[in-house]
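Undergrad:
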Amino acid sequence: MARAKKSNREATLDNLRNEALKIRRNVWRALRAAGSGHMGGSLSAAEFLAALYFHHLKIRPDEPDWPDRDRFILSKGHANAALGAVLAQAGFIEDAVLDQFYAYESLFGMHPDIKMAGVEMSTGGLGHGLSIGLGMALGARLQKKKFRTIVMIGDGELQEGSNWEAAMAAAHQKASNLTAILDYNKVQQSGHVSDMLALEPMASKWSAFGWAVREVDGHDMDQVVGALDALPYEKDKPSMIIAHTVKGKGVSFSEDTHLWHNNMVPDDVYEKALAELGEPV
Amino acid sequence: MSAASTTPAWVEKVQNQSRLSFGLAVTDMAARDDKVVAVSADTLDLIGLREMVAAAPDRVIEAGIAEQNAMGVASGMATTGMRPYLCGYAPFITARSMEQLRNDVAYAKQRVVIGAACSGIVLGVSGGTHHALEDIALMRSLPNMTVLVPADAHEAWHLTQATENLDGPSYIRLGGKMDEPPVTAVDASPVIGKATTLRRGTDIAVIACGVLVVEALAAADELAGEGIGVRVINMHTIKPLDRDTVLAAAAETRGIVTAEEHHLTGGLGGAVAELVAEEHPTRMRFVGMPDEFAIVGPTPKVRERYGMSAANIMAKCRELMS
Ligand SMILES: Cc1ncc(C[n+]2csc(CCOP(=O)(O)OP(=O)(O)O)c2C)c(N)n1
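Protein chains in written order, with the working numbering: chain V, 1 to 281; chain P, 1 to 322.
1) Taking 8 Å as the cut-off, decide whether the C-beta atoms of H154(P) and V186(P) are in contact.
2) Within 7 Å: the Cβ of Q17(P) and any heavy atom of ligand 1?
3) Taking V14(P) and L20(P) to be in contact with their CB atoms under 8 Å, please state how far apart those CB atoms are, rounded to whole angstroms.
4) Strictly under 8 Å for the Cβ-Cβ distance: is Y104(V) near chain P by that measure?
5) Which residues in the same chain have their Cβ closer than 7 Å to the Cβ of L197(V), if we skip the five residues on either side of it in sequence?
6) Compute every distance between the C-beta of E160(V) and the non-hydrogen atoms of ligand 1, then say whether any falls below 7 Å.
7) Note down, in chain order, each residue of its chain lying with its Cβ closer than 7 Å to the Cβ of M1(V), except the 5 sequence neighbours on either side.
8) From D145(V) to K76(V), what distance separates their C-alpha atoms?
9) Below 7 Å CB to CB, which residues in the same chain sit around N144(P) once its five sequence neighbours on both sides are set aside?
10) Kindly indicate if chain V contains any beta-carbon less than 8 Å away from that of K301(P).
11) Return the CA-CA distance between G266(P) and S252(V), expressed in angstroms with no decimal places.
12) May I ask whether a heavy atom of ligand 1 can be found less than 7 Å away from the beta carbon of S36(V)?
13) In terms of DSSP beta bridges, what is E62(P) paired with?
14) Taking the continuous alpha helix (DSSP H) assigned at E252(P), which residues delimit it?
15) Step through the CB atoms of chain V and report whether any lies within less than 8 Å of the CB of N234(P).
16) Can you tell me the Cα-Cα spacing of D135(P) and G115(P), whole angstroms?
17) List the endpoints of the continuous alpha helix (DSSP H) containing I312(P).
18) Closer than 9 Å between beta carbons: that is the criterion. Which residues of the region 280–298 of chain P meet it against chain V?
19) Let me make sure I understand the geometry here. Which of R111(P), M77(P) and C118(P) has the alpha-carbon closest to that of I93(P)?
20) Identify, in the order they occur along the chain, each residue of the same chain with its Cβ nearer than 7 Å to the Cβ of W66(V), setting aside the five sequence neighbours on each side.
21) When DSSP labels each residue in this structure, what does I132(V) get in the three-state scheme?
22) Are A383(P) and A63(P) close, meaning C-beta to C-beta below 8 Å?
23) Considering Cα atoms alone, identify which of D222(V), L57(V), V97(V) and H244(V) is closest to S7(V).
24) Can you check the region 139–201 of chain P for any beta strand (DSSP E) of at least 3 residues that lies completely inside it and give the ranges in chain order?
25) Would you tell me roughly how many angstroms separate the C-alpha atoms of V60(P) and Q143(V), rounded to the nearest one?
26) Counting only C-beta atoms, is T94(P) closer than 8 Å to chain V at any point?
27) What's the gap between the Cα of S207(V) and the Cα of A171(V)?
28) Rounded to whole angstroms, what's the CA-CA distance from Y233(V) to V213(V)? Just pull it up for me.
29) Does any CB atom of chain A fall closer than 8 Å to the CB of E120(V)?
30) Which residues in chain V sit within 9 Å of T245(P), going by Cβ to Cβ distance?
31) Say whether the region 237–248 of chain P touches the region 292–303 of chain P, bearing in mind that this needs 3 or more beta-carbon pairs closer than 8 Å, one atom from each stretch.
32) Go through the region 80–107 of chain V residue by residue and report every complete run of the alpha helix (DSSP H) that reaches 4 residues or more, in order.
33) Are the beta-carbon atoms belonging to A208(P) and V232(P) less than 8 Å from one another?
34) Should L138(P) be flagged as near chain V, meaning a C-beta pair shorter than 8 Å?
35) Which residue or residues does DSSP assign as beta-bridge partners of N263(V)?
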C-alpha cells in the first residue's frame with residue numbers, strides 16, 4: 001500500500017518536473033519572440049509555478065473568473081514570461097499567445113496585465129503584490145469564502161519598504177489564508193543582493209514580523225510540493241515559504257548572474273538554451 | 001586639430017542616450033567636486049554609473065529597490081552640504097516616492113537632482129505600470145522644483161552639469177536604452193529656463209520637449225515645402241517656463257502647437273496654455289498622450305498610435321492655419 005502511494009507521489013512529482021521544464025522552454029521561446037526579456041527571475045520560479053498551477057491552486061482554466069478560485073499574484077511581475085507559460089500550459093490562454101510576447105497590442109507584455117485571462121492583478125512596479133494579496137485574503141475572510149491567496153515576491157523586491165508594511169499588517173490581521181513565496185535567487189538587477197542591499201537574516205526577519213516560515217530548495221519538486229501541501233503552517237499566522245533558488249536556473253550561462261536579469265535572446269542563444277534544457281516527455 | 005580630436009570623450013560614451021549622459025556627467029562632476037554623490041535605486045547600469053563606482057566607490061550609495069528611502073536619504077545628505085544625484089526609473093522615482101519628494105526635497109528646498117530614466121513610453125513593451133506619462137505634471141506642480149526635459153543626449157549632458165548652479169531641487173527627464181537622434185550640437189550650452197529656438201518661422205509656433213523635438217523639426221521642414229513657416233522651440237525647461245519666448249510666439253504667430261511624450265493633462269501643453277490664457281490668448285493645439293493608459297507595444301509604434309508624431313504635429317499646424 002505504502003509502496004503504491006509512494007509511486008503515486010513520484011508520478012505526480014515527475015509530471016510537475018516535466019511542467020517546470022516546459023515552463024523553462026516556453027520562457028525562452030517567448031523571449032526569443034520578443035527579442036529579449038527577463039530570463040533570470042522567470043527561470044528561478046519554474047518549479048513553484050508548475051506546482052501551483054498543476055497541483056496546488058483550486059482554479060478553473062475554462063472559467064478564469066470563477067469567484068471561489070484561489071488567487072495567485074506574481075508580484076515580481078517582470079517574470080511574466082514564466083506566468084504566461086504556465087497559464088498557457090494550464091489552458092487559461094492559447095499556446096500561440098506565447099509568441100505574442102511584447103507584440104503590438106498584445107495583452108502579454110513584459111508585465112502581467114489584469115485584462116489577460118488568469119491574471120489576478122497588473123503588476124510590475126515592485127512591492128505591490130503582498131498588500132494586494134492581503135486585501136484579497138481579507139476579502140475572502142469577510143465574505144466567508146474558502147479561497148486562498150498566494151503571492152510570489154522577489155528578493156530584490158523585498159527592499160521595497162511596502163512589503164514590510166504588508167508583512168506587519170498581515171500578521172496583525174492573523175491572515176492565515178495568505179501565503180507568500182519568496183523566490184530567493186540572491187540576485188537582483190545590478191548585482192547580488194548581498195552586495196546591493198543585504199537582506200539577511202531572512203527567515204528570522206519574517207518570523208519576527210509574525211509569519212510562520214518554512215525554507216525549501218525551490219528547485220527540488222519534492223520539497224516544493226511538501227511545502228505547499230502543508231499550508232497553512234500555523235493557526236492565525238500568514239505563511240512564508242522561502243524558496244532558495246538559482247537565478248537563470250537550468251541553463252549554464254544564465255545561472256547566478258545579474259547579466260541575465262534581462263538580456264537579448266537572438267536565435268543562437270535560444271538554440272543553446274533549449275539544447276541544455278532538453279526535451280520534455 | 002581634426003574634428004575627431006576636438007570631440008569630447010563623453011560624446012561617444014553616451015551613445016546618443018540621455019540616461020547615460022546623466023550618469024557620466026555626474027561621474028565627471030564628482031571628479032571635480034567631492035561633494036557630488038550618486039544615489040542609485042538598483043540602476044547602476046541603467047544610468048551609467050559603473051565608471052563612478054570604479055573611480056569613487058564611496059560616493060555611489062546603492063539604496064536598493066527602495067525609491068522612497070533613496071529620496072529621503074538624498075534629502076538628508078543634501079542638508080549636510082553634499083550634492084546628491086538620485087538615479088531611478090521615471091515611473092517609480094516620481095510616483096513611488098512622491099511624498100518624500102514633495103516634503104523632504106521640494107518643501108525643504110534641498111539641492112537634490114533627480115535623474116529619471118525610461119520616461120514617457122520608452123518602456124513601451126513593459127505596459128502601463130512602467131510608462132511615465134504623468135511625471136512632468138507631478139514635478140511641475142511642486143513649488144521650488146526645476147523641471148528639465150532634454151531633447152537629446154548632448155543636452156542631457158549639459159543640463160546635468162548646469163544643475164551645479166541651482167540652489168533648489170531639480171528633475172531631469174531621461175530616455176531609456178534607445179537611440180535618441182541628436183538635435184542639439186555637442187557644444188551647445190543650454191541655459192536652464194531659456195528655451196532654444198531651432199527654426200524661425202512666423203506662421204505657427206511648435207513648442208516641443210524631449211523626443212518630440214525631432215518630430216517637430218521634421219514637421220517644420222515638411223511644412224516649409226507647403227509654404228508654412230513653422231517656428232520650432234525646444235522647451236528643455238518646463239519649469240521655470242521661459243515666458244518671453246512663449247509670449248513672443250503667441251504674439252508673432254497665428255497659433256501654438258505643443259508636443260510632448262506625456263499626458264495632455266498637466267504637462268508642457270498645460271504650462272504653455274496657463275501662461276498664454278492669461279497674458280496673450282492665442283489658438284492652441286496639443287500633441288501628447290490622450291487620457292487613457294497606453295497599450296503594450298514597441299515604443300515607435302505606440303507613439304505613432306497616439307499621435308506623438310511629426311504627422312500629427314503637421315495636422316495640428318494645418319488646423320491652425322485654416
Ligand atoms: C518600484 C520598482 N523599482 C524598480 C523597478 C525596476 N526593476 C525591475 S526588476 C528589478 C530587479 C528585481 O530583483 P528581484 O526582485 O530579485 O527579482 P528576480 O531576481 O527574481 O528577477 C528592478 C530593479 C521596478 N520594476 N519597480
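The beta carbon of each residue, even a glycine, is placed where N, CA and C say it ideally should be.
TA: Looking at the atomic coordinates:
1) A contact, by the Cβ cut-off of 8 Å.
2) Residue side-chain check: Q17(P) keeps its Cβ at 7 Å or more from all non-hydrogen atoms of ligand 1.
3) Confirmed, about 4 Å.
4) With its beta carbon less than 8 Å from one in chain P, Y104(V) belongs to the interface.
5) Counting only Cβ-Cβ distances below 7 Å, and skipping sequence neighbours, we find Q159.
6) Yes, ligand 1 has a heavy atom inside 7 Å of this Cβ.
7) Low local confidence applies: a pLDDT of 48 at M1(V) is under 50, so the model's placement there is unreliable, and no value is given.
8) First, the amino acid is wrong: residue 145(V) is Lys here, not Asp. Rounded to whole angstroms, the separation of the alpha carbons of K76(V) and K145(V) is 26 Å.
9) Taking N144(P) as the centre and dropping the five residues before and after it, the same chain places the C-beta of A106, K109, G168 and P169 closer than 7 Å to its C-beta, in chain order.
10) Cβ-Cβ to chain V under 8 Å: yes for K301(P).
11) A direct Cα-Cα distance of roughly 49 Å separates G266(P) from S252(V).
12) No - ligand 1 has no heavy atom lying nearer than 7 Å to the Cβ of S36(V).
13) According to DSSP, which records beta bridges pairwise, E62(P) is partnered with S40(P).
14) R243 to E252 is the extent of the alpha helix (DSSP H) around E252(P).
15) So, not an interface residue.
16) Taking the CA atoms as reference points, D135(P) sits about 12 Å from G115(P).
17) Looking at the sequence shown, residue 312(P) is not Ile but Asn. Per DSSP, the unbroken alpha helix (DSSP H) holding N312(P) starts and ends at A310 to M321.
18) Going along the region 280–298 of chain P in chain order, one finds I295, V296, G297 and P298 with a Cβ nearer than 9 Å to chain V.
19) Measuring from the Cα of I93(P), the nearest candidate turns out to be C118(P).
20) Around W66(V): R60.
21) Residue state, collapsed to three classes: helix.
22) Any property of residue 383(P) remains undetermined from this structure, which presents chain P solely from 1 to 322.
23) Taking only the C-alpha atoms, the option nearest S7(V) is D222(V).
24) For the region 139–201 of chain P, whole beta strand (DSSP E) runs of length 3 or above, ordered along the chain, are 146–148, 170–173 and 196–200.
25) For the pair V60(P) and Q143(V), the Cα-to-Cα distance works out to about 50 Å.
26) No, its Cβ sits nowhere closer than 8 Å to a Cβ of chain V.
27) Straight-line spacing of the CA atoms in S207(V) and A171(V) works out to 10 Å.
28) Those two C-alpha atoms are separated by around 8 Å.
29) In summary, chain A is missing from the structure at hand, where the protein chains are V and P.
30) The premise fails here: T245(P) is roughly 36 Å from chain V at the closest Cβ pair, so nothing lies under 9 Å.
31) These segments do not touch.
32) Every alpha helix (DSSP H) stretch that sits fully inside the region 80–107 of chain V and reaches 4 residues is listed by chain position as 80–90.
33) For the 8 Å CB-CB criterion, A208(P) and V232(P) form a contact.
34) No, L138(P) lies away from the interface with chain V (no Cβ there is under 8 Å from its Cβ).
35) The partner list for N263(V) (beta bridge, DSSP) reads G37(V).
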